[in-house]
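With the numbering used here, letter number 174 in the sequence shown gets 168, and the count goes up by one each step, no holes.
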Amino acid sequence: MKIALTVNGLHVEAHYHDDEIEKVHKPLLQHLAKIHAAKPERRTIVFLSAPPGTGKSTLTTFWEYLSRQDADLPEIQTLPMDGFHYYNRWLEAHHLRACKGAPETFDVDKLAENLRQVRAGEATWPQYDRQRHDPVEHAVVVTAPIVIIEGNWLLRHDERWRVLAEYCDYSLFIRAPAEVLRARLVGRKLAGGLSQAEADAFL
């Protein structure tokens, strides 16, 4: 299947083999539907963690599409973790702006509180503005019965991040070859206006 998706405001043409869709993606979504059916009175929260460049956002957008095509599947909504970056003014005050994106540059307490609200019922979610390079509060209204929280550090085992496990009903981790990730990240930085030397230095 070739499908045009809008991912983080960008138009992406994604390709998935029919066999992969039938044997991997649809069974996974059916499994998530069963998890939700066991406790339908509350929202089901799934963590998807992976290194940058693995295609998390594209994949979860595709899952949203599949959930809308099958009347037997509950709707799925993706909620990226990027909106929980500390604001740039905070990062600058703590000398962390240069390593933005590292685990210590996220407000984990705020993320935990938002997850509590998402599970309980009515909730909104912050969104990272790639033009302002800062979060925008309450940008997304959470509506779906199953939400996928996607980010790089959700499954970290240190004390600061472990508290999030309380809100996780199911977790997934994606691996990819380091050379593939590097090529994708360099390409992303070049597309964002950095020089080759700047992109290499960032990594």
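All C-beta atoms in this analysis are idealised placements derived from N, C-alpha and C, irrespective of residue type, glycine included.
Helix, strand or coil at residue i according to DSSP, with G and I counted as helix
{"i": "V136", "result": "coil"}
{"i": "I(-3)", "result": "strand"}
{"i": "H5", "result": "strand"}
{"i": "H11", "result": "coil"}
{"i": "P208", "result": "No answer is possible for residue 208: it lies beyond the span of the chain, which begins at -5 and ends at 197."}
Alpha-carbon to alpha-carbon, residue j and residue i
{"i": "P97", "j": "I(-3)", "result": "33 angstroms"}
{"i": "V136", "j": "N146", "result": "21 angstroms"}
{"i": "H11", "j": "W84", "result": "44 angstroms"}
{"i": "Q24", "j": "H30", "result": "10 angstroms"}
{"i": "R169", "j": "Y59", "result": "23 angstroms"}
{"i": "V112", "j": "I70", "result": "13 angstroms"}
{"i": "G3", "j": "H132", "result": "17 angstroms"}
{"i": "A27", "j": "T0", "result": "24 angstroms"}
{"i": "K33", "j": "Q190", "result": "50 angstroms"}
{"i": "I142", "j": "H19", "result": "14 angstroms"}
{"i": "V174", "j": "D64", "result": "33 angstroms"}
{"i": "P45", "j": "F100", "result": "15 angstroms"}
{"i": "R36", "j": "L149", "result": "22 angstroms"}
{"i": "G95", "j": "H79", "result": "7 angstroms"}
{"i": "T52", "j": "V6", "result": "8 angstroms"}
{"i": "T158", "j": "G49", "result": "The question names Thr, but residue 158 is Leu in the sequence shown. Each residue's Cα considered, the two are about 23 angstroms apart."}
{"i": "P68", "j": "W57", "result": "11 angstroms"}
{"i": "R124", "j": "K104", "result": "20 angstroms"}
One or two residues paired with residue i in a DSSP bridge
{"i": "K28", "result": "K28 is not bridged to any residue."}
{"i": "S189", "result": "S189 pairs with nothing; no bridge assigned."}
{"i": "L166", "result": "L42"}
Short CB-CB distance (under 8 angstroms) between residue i and chain C
{"i": "L53", "result": "No chain C appears in the structure shown, which is made up of a single protein chain."}
Problem set entry | Unbroken stretches of the alpha helix (DSSP H), 4 residues or longer, contained in the region 95 to 163 | As far as the region 95 to 163 is concerned, its whole alpha helix (DSSP H) runs of at least 4 residues are 102 to 114 and 153 to 156.
Exercise. At which residue ranges does the region 27 to 93 contain complete alpha helix (DSSP H) runs of 4 or more residues, listed in the order of the chain?
Worked result: Counting only runs of 4 or more residues that sit fully inside the region 27 to 93, the alpha helix (DSSP H) segments are 50 to 63 and 82 to 87, in chain order.
For this session: Evaluate contact between the region 99 to 119 and the region 72 to 83, counting only Cβ atoms and requiring at least three cross-stretch pairs below 8 angstroms.
Result: Result yes; three or more Cβ-Cβ pairs closer than 8 angstroms.
Exercise. Are the region 154 to 162 and the region 39 to 52 touching by the rule of at least three beta carbon pairs closer than 8 angstroms?
Worked result: They touch, by the three-pair rule.
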